[in-house]
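Novice: Below is one structure. I have some questions about it.
Protein chains: 2
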Amino acid sequence: MEGSIVMNGGEGPKSYFRNSKLQKIFLDGAMILLMNSIEESLDLKNRTKIFSIADLGCSTGPNTFFCVNHMIEAVQQKYDNTLCPDDEPEFHVFFNDQVGNDFNTLFKSLPSKRQYMAAGVPGSFYRRLFPRSSMNLIHSSISLHWLQRVPEGVMNKDSPYWNKGRITYAKSPTQVVNAFRDQFFRDLKDFLKARSEELVPGGLLAMIMLGRPEGTSPPEAIHIHTMECLGDAASDLVKEGVMGEDVVDSFNLPVFFPALSEVEQVLDSFKQYLTIERLQEIDAPIGRLDAQFLSAHFRAILQGTVCEHFGPKLTEQIFDKFPHKLESFMNTKDFARPGKATHQFALVKRKDVPS
Amino acid sequence: MEGSIVMNGGEGPKSYFRNSKLQKIFLDGAMILLMNSIEESLDLKNRTKIFSIADLGCSTGPNTFFCVNHMIEAVQQKYDNTLCPDDEPEFHVFFNDQVGNDFNTLFKSLPSKRQYMAAGVPGSFYRRLFPRSSMNLIHSSISLHWLQRVPEGVMNKDSPYWNKGRITYAKSPTQVVNAFRDQFFRDLKDFLKARSEELVPGGLLAMIMLGRPEGTSPPEAIHIHTMECLGDAASDLVKEGVMGEDVVDSFNLPVFFPALSEVEQVLDSFKQYLTIERLQEIDAPIGRLDAQFLSAHFRAILQGTVCEHFGPKLTEQIFDKFPHKLESFMNTKDFARPGKATHQFALVKRKDVPS
Numbered sequence: 082m083e084g085s086i087v088m089n090g091g092e093g094p095k096s097y098f099r100n101s102k103l104q105k106i107f108l109d110g111a112m113i114l115l116m117n118s119i120e121e122s123l124d125l126k127n128r129t130k131i132f133s134i135a136d137l138g139c140s141t142g143p144n145t146f147f148c149v150n151h152m153i154e155a156v157q158q159k160y161d162n163t164l165c166p167d168d169e170p171e172f173h174v175f176f177n178d179q180v181g182n183d184f185n186t187l188f189k190s191l192p193s194k195r196q197y198m199a200a201g202v203p204g205s206f207y208r209r210l211f212p213r214s215s216m217n218l219i220h221s222s223i224s225l226h227w228l229q230r231v232p233e234g235v236m237n238k239d240s241p242y243w244n245k246g247r248i249t250y251a252k253s254p255t256q257v258v259n260a261f262r263d264q265f266f267r268d269l270k271d272f273l274k275a276r277s278e279e280l281v282p283g284g285l286l287a288m289i290m291l292g293r294p295e296g297t298s299p300p301e302a303i304h305i306h307t308m309e310c311l312g313d314a315a316s317d318l319v320k321e322g323v324m325g326e327d328v329v330d331s332f333n334l335p336v337f338f339p340a341l342s343e344v345e346q347v348l349d350s351f352k353q354y355l356t357i358e359r360l361q362e363i364d365a366p367i368g369r370l371d372a373q374f375l376s377a378h379f380r381a382i383l384q385g386t387v388c389e390h391f392g393p394k395l396t397e398q399i400f401d402k403f404p405h406k407l408e409s410f411m412n413t414k415d416f417a418r419p420g421k422a423t424h425q426f427a428l429v430k431r432k433d434v435p436s
Numbered sequence: 082m083e084g085s086i087v088m089n090g091g092e093g094p095k096s097y098f099r100n101s102k103l104q105k106i107f108l109d110g111a112m113i114l115l116m117n118s119i120e121e122s123l124d125l126k127n128r129t130k131i132f133s134i135a136d137l138g139c140s141t142g143p144n145t146f147f148c149v150n151h152m153i154e155a156v157q158q159k160y161d162n163t164l165c166p167d168d169e170p171e172f173h174v175f176f177n178d179q180v181g182n183d184f185n186t187l188f189k190s191l192p193s194k195r196q197y198m199a200a201g202v203p204g205s206f207y208r209r210l211f212p213r214s215s216m217n218l219i220h221s222s223i224s225l226h227w228l229q230r231v232p233e234g235v236m237n238k239d240s241p242y243w244n245k246g247r248i249t250y251a252k253s254p255t256q257v258v259n260a261f262r263d264q265f266f267r268d269l270k271d272f273l274k275a276r277s278e279e280l281v282p283g284g285l286l287a288m289i290m291l292g293r294p295e296g297t298s299p300p301e302a303i304h305i306h307t308m309e310c311l312g313d314a315a316s317d318l319v320k321e322g323v324m325g326e327d328v329v330d331s332f333n334l335p336v337f338f339p340a341l342s343e344v345e346q347v348l349d350s351f352k353q354y355l356t357i358e359r360l361q362e363i364d365a366p367i368g369r370l371d372a373q374f375l376s377a378h379f380r381a382i383l384q385g386t387v388c389e390h391f392g393p394k395l396t397e398q399i400f401d402k403f404p405h406k407l408e409s410f411m412n413t414k415d416f417a418r419p420g421k422a423t424h425q426f427a428l429v430k431r432k433d434v435p436s
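Written as structure tokens, this is what we have:
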């Protein structure tokens, strides 16, 4: 599974389960928007007795349960507000993430009192996960910035795209940045192709994405600088002679943070199958963050990937230095820039045409 | 999850993954029967574009993949043999087991080249797992002898059903045996009620069950004696003063092995919703078994449950003695009796009436 990112499993102090509060802050801001959009765009003309919902990139919770509950509430409200309250469907909810995700922890933490049948779906959301025309509502939160893979050539010193000394495109030459952007375009297309096949006609796809403010260039995304702090930590270890520079050169994070117009551009290429119901930036009221908190947050996300490349000993050393690198970055003007934490919301509807 | 049995996870030497060959022997004998029955009984009149299959009590594989492949092959054959080969559906396969099952290992071992979309479903199959009228073919292999719970009173010394000194009903008074049989009846009813709601009209339910030969009494089932060998091992530890007898008295395995007529009796109580398409005993060509092999097999199944009650130290001691107890039993006439390893096959079809 080249490039796949799997969150820390279990329920321990370093688990994603205990370190996903930042995502929750982003979700809080987006949930009302998601619920209102469902209310506006959901079509009950062709209603069925089973309403299938998927959360793609669910990890282990609790955020995924929070989202699912809100989506179900919005659908139920739509039924209540129409003339078919007695016609309310049964909900079948599919929780998807990579094969390496900790589904055991996800299943153990499923709410015991839930108004839906639950299933887990292992696999990359850049490919088909469900039968054709089987899903009524597909959702993905804060996952689509993870690419399928690091773009070709980025870790090859003979390539024009070689990203020497860095693990992201935060401070890279334009051609490297473009390689990441092109990969994002390809990947979002793969994602939308699969979803447009899986959705029933009239079915909805909701995406909450980490991005950057419109009008800024990719290296201006705050999230990419935050992640590059890990590269700075690794570079220090090179300077200290703990490891060779090739160990850093041969590692990159498969990640990209788009502007809204870039998302729109890809969505437009699917206008034969999908209509854009809503597409907008959202501000996240994240307030003042603490470097230790942020470090634990990123560790829960990145430890597995970092460890696979650097091994357990170097990984410990890198994450030891990480909070200090974050602290330094958080004192810069780049971090303090307003509008920095932009994320995006997109809702699209499957047209009633054969795919 | 009172009484729930969860197979050993992972892929290590004591895992179910590596110790489920005996179940495979039982399945080999039943697969042709299952395939032929699907061919005979599957109704393509109301065919849909998605064909949903569930395996209930799947554990971690590889047996569950073996069964699923055979079922899909049978359905495809049915399409090929009719006038609708171009109408072949997409397959959606649901793998179910208890919440505590090792779904991570199951998902990692999913065949990479498979002709179906896969999902895992956590939860007891004695309750609803899927939306109403959503499943075309439900299957359960060698799982239904596990009861929801140990019958009430069996581990209570003030009850007429107290099963003193034993962990199964293999050598128990009639009232204890009847308590286990009644629990089996209740549980199979719960199972059938849930399935009759989940199946589409015309949908099929296939059950491969460990049982005992028709005309024998419950304590004559060979499987129950094999399991009671574990109780004999525990009793030895009581005699040696390693633990008190109350530790054995307060433990029973939630298990029952029915005769075909008992299965039929429960199925008949659902004749308003289900028709019996096939119901028969099957002989398993298991040949001569080795006590060490059998011990490893049962350890993969029972270790978790035994350890939860007895703790890790006593569990090791019990399983150390277990092969010797098995060896002794395998030299008795009871073990050598022909027809002993009977298991059963049942195929039922959902009627086209509201549930």
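Residue numbers (my numbering), protein chains in the order written: chain W, 82 to 436; chain X, 82 to 436.
The C-beta atom is built at its ideal place from N, Cα and C for all residues, glycine as well.
Nothing here was measured: the structure is a model prediction, and the numbers come from that model.
#1: How would you write the range of the beta strand (DSSP E) that ASP438/W sits in, first residue to last?
#2: Helix, strand or coil: how does DSSP classify ALA200/X here?
#3: In chain order, what residues of the same chain have a beta carbon less than 6 Å from the beta carbon of PRO435/X, not counting five sequence neighbours either side?
#4: Ignore the nearest five residues each way along the sequence and tell me which others in HIS151/X's own chain have a CB closer than 6 Å to its CB.
#5: What residues in the segment 106 to 140 of chain X have a beta carbon less than 9 Å from any beta carbon of chain W?
#6: Need the endpoints of the beta strand (DSSP E) that ASN217/W sits in, please.
#7: Which chain W residues are close to GLY201/X, counting only those with a beta carbon under 8 Å from its beta carbon?
#8: Say whether chain W places a C-beta atom closer than 7 Å to the C-beta of GLU83/X.
#9: Note down, in chain order, every chain X residue with its Cβ under 8 Å from the Cβ of GLU171/W.
#10: To which residues does DSSP link SER133/W through a beta bridge?
#11: Just how far apart, CA to CA, sit ASN177/X and THR141/X?
#12: CA-CA distance, PRO339/X and LEU125/W?
#13: Give me the Cβ distance between VAL202/X and PHE172/X, rounded to the nearest whole Å; I'm assuming they're in contact under 8 Å.
#14: Do you know offhand how far ALA377/W's Cα is from LYS95/W's?
#15: Where DSSP assigns a beta bridge to MET288/W, which residues make up the other side?
#16: Chain X beta carbons: is any one of them nearer than 7 Å to that of VAL180/W?
#17: Find the residues of chain X that neighbour LEU191/W, judging by a C-beta separation of less than 9 Å, and give them in chain order.
#18: Can you confirm whether SER101/W, when its beta carbon is compared against all beta carbons of chain X, has any partner nearer than 7 Å?
#19: Identify whether ILE363/X lies in helix, strand or coil by the three-state DSSP scheme.
#20: Sorted by chain position, which residues of the same chain lie with C-beta nearer than 6 Å to GLU83/X's C-beta, five sequence neighbours on each side aside?
#21: Taking GLY204/X as the reference, which of ILE86/X, LEU395/X, LEU218/X and GLY110/X has the closest Cα?
#22: Beta-carbon within less than 8 Å of PRO166/X's beta-carbon, same chain only, minus the 5 sequence neighbours each way: which residues are those?
#23: Applying the 10 Å Cβ sphere with the 16-neighbour rule, what's the burial state of LEU269/W?
#24: Do the CB positions of THR423/X and PRO282/X come within less than 7 Å of each other?
#25: For the segment 271 to 287 of chain W and the segment 346 to 359 of chain W, state whether three or more C-beta atom pairs, one from each stretch, are separated by less than 8 Å.
#26: What is the residue span of the alpha helix (DSSP H) that PRO393/X lies within?
#27: DSSP on THR255/X, reduced to helix/strand/coil?
#28: Along chain W, which residues have their Cβ under 9 Å away from the Cβ of PHE175/X?
#29: Could you name the residues that DSSP lists as bridge partners for ILE357/X?
#30: Anyone know if the C-beta pair for LEU334/W and ALA372/W falls short of 7 Å?
#31: Name the two residues that bound the continuous alpha helix (DSSP H) containing TYR160/W.
#32: Can you say whether LYS320/X is buried or exposed, counting buried as having 16 or more other CB atoms within 10 angstroms of its CB?
#33: Just to confirm my understanding: we take PHE211/W, look at its own chain, exclude 5 residues before and 5 after, and list those with CB closer than 6 Å. What are they?
#34: Going by beta carbon distance, what residues of the same chain come within less than 7 Å of THR297/X, once the five residues before and after it are set aside?
Specialist: Taking the definition as stated:
#1: Residue 438/W falls outside the range modelled here, since chain W spans only 82 to 436, and no answer is possible.
#2: Working through the second sequence from its first residue, we reach residue 200/X at position 119. Under the three-state reduction of DSSP, ALA200/X is assigned to strand.
#3: Against the second sequence, residue 435/X aligns to sequence position 354. Excluding residues within five positions, none has a Cβ falling inside 6 Å.
#4: Along the second sequence, one-based indexing puts residue 151/X at 70. Only MET112 and MET116 meet the Cβ criterion.
#5: With the criterion set as a beta carbon lying under 9 Å from some beta carbon of chain W, the members of the segment 106 to 140 of chain X are LYS130, ILE131, PHE132 and SER133, in sequence order.
#6: Indexing the first sequence from 1 puts residue 217/W at position 136. Membership of ASN217/W in the beta strand (DSSP E) is indicated by the continuous run 216 to 222.
#7: Residue numbering aside, residue 201/X sits at position 120 when the second sequence is read from its first letter. Close partners of GLY201/X in chain W (Cβ separation under 8 Å): PHE184, PHE188, ALA200, GLY201, VAL202 and PRO203.
#8: Position 2 of the second sequence holds residue 83/X. Low per-residue confidence applies at GLU83/X: pLDDT is 46, beneath 50, and the placement is therefore not dependable, though the value from the model is reported in the following sentence. Look at GLU83/X: its C-beta is not under 7 Å from any C-beta on chain W.
#9: The residue given as residue 171/W occupies position 90 in the first sequence. The contacting residues are PRO212 and ARG213.
#10: Locating residue 133/W in the first sequence gives position 52, where the first residue counts as 1. According to DSSP, which records beta bridges pairwise, SER133/W is partnered with HIS173/W.
#11: Against the second sequence, residue 177/X aligns to sequence position 96. Against the second sequence, residue 141/X aligns to sequence position 60. ASN177/X and THR141/X: Cα-Cα distance of roughly 10 Å.
#12: Your numbering for residue 339/X matches position 258 in the second sequence. Your numbering for residue 125/W matches position 44 in the first sequence. Rounded to whole angstroms, PRO339/X to LEU125/W spans 48 Å at the Cα level.
#13: Locating residue 202/X in the second sequence gives position 121, counting from the first residue. Locating residue 172/X in the second sequence gives position 91, counting from the first residue. Actually they do not touch by this definition, with Cβ atoms about 15 Å apart.
#14: Numbered from 1 along the first sequence, position 296 holds the residue referred to as residue 377/W. Numbered from 1 along the first sequence, position 14 holds the residue referred to as residue 95/W. Cα-Cα distance, rounded: 7 Å.
#15: As a position in the first sequence, residue 288/W is number 207, starting the count at 1. Partner(s): SER221/W and ALA427/W.
#16: Residue numbering aside, residue 180/W sits at position 99 when the first sequence is read from its first letter. By this cut-off, VAL180/W is an interface position.
#17: Numbered from its first residue, the first sequence carries residue 191/W at position 110. Within chain X, the residues placing a beta-carbon under 9 Å from that of LEU191/W are VAL180, PRO203 and GLY204, ordered along the chain.
#18: Position 20 of the first sequence holds residue 101/W. Interface residue (Cβ-Cβ distance to chain X less than 7 Å): SER101/W is not classified as such.
#19: Taking the second sequence and counting its residues from 1, the one referred to as residue 363/X is at position 282. DSSP places ILE363/X in the strand class (E or B) of the three-state scheme.
#20: As a first step, residue 83/X must be located in the second sequence, where it is residue number 2. At GLU83/X the pLDDT is 46, less than 50, meaning the model places this residue with poor confidence; the figure from the coordinates comes in the next sentence. So the qualifying residues of the chain are ARG230.
#21: Your numbering for residue 204/X matches position 123 in the second sequence. Nearest option by C-alpha distance: ILE86/X.
#22: Within the second sequence, numbered from 1, the residue matching residue 166/X stands at position 85. Around PRO166/X: TYR160.
#23: The count along the first sequence starts at 1 and reaches residue 269/W at position 188. So LEU269/W counts as buried.
#24: Here residue 423/X corresponds to residue number 342 of the second sequence, with the count starting at 1. Here residue 282/X corresponds to residue number 201 of the second sequence, with the count starting at 1. PRO282/X sits away from THR423/X, with the two beta carbons spaced by 7 Å or more.
#25: Yes, since at least three Cβ pairs between the segment 271 to 287 of chain W and the segment 346 to 359 of chain W fall closer than 8 Å, the two stretches touch.
#26: On the second sequence, position 312 is the one that residue 393/X refers to. Segment 372 to 411, the alpha helix (DSSP H) holding PRO393/X.
#27: In the second sequence, the residue the question calls residue 255/X occupies position 174. Helix, per DSSP.
#28: The sequence position of residue 175/X within the second sequence is 94, counting from 1. Taking a Cβ-Cβ cut-off of 9 Å, the neighbours of PHE175/X in chain W comprise ALA200, given in sequence order.
#29: By one-based count along the second sequence, residue 357/X stands at place 276. Beta-bridge partners assigned by DSSP to ILE357/X: VAL429/X.
#30: Numbered from its first residue, the first sequence carries residue 334/W at position 253. Numbered from its first residue, the first sequence carries residue 372/W at position 291. In this structure, ALA372/W does not lie closer than 7 Å to LEU334/W by Cβ.
#31: As a position in the first sequence, residue 160/W is number 79, starting the count at 1. Under the DSSP assignment, TYR160/W falls in the alpha helix (DSSP H) whose first and last residues are 144 to 162.
#32: To locate residue 320/X, count along the second sequence from 1; it is residue 239. Note on LYS320/X: under 16 other CB atoms within 10 angstroms of its CB, so exposed under the neighbour-count rule.
#33: As a first step, residue 211/W must be located in the first sequence, where it is residue number 130. Result list for PHE211/W: GLU279, in chain order.
#34: Residue 297/X sits at position 216 when you count from the first residue of the second sequence. So the list reads ALA340, once near-sequence residues are dropped.
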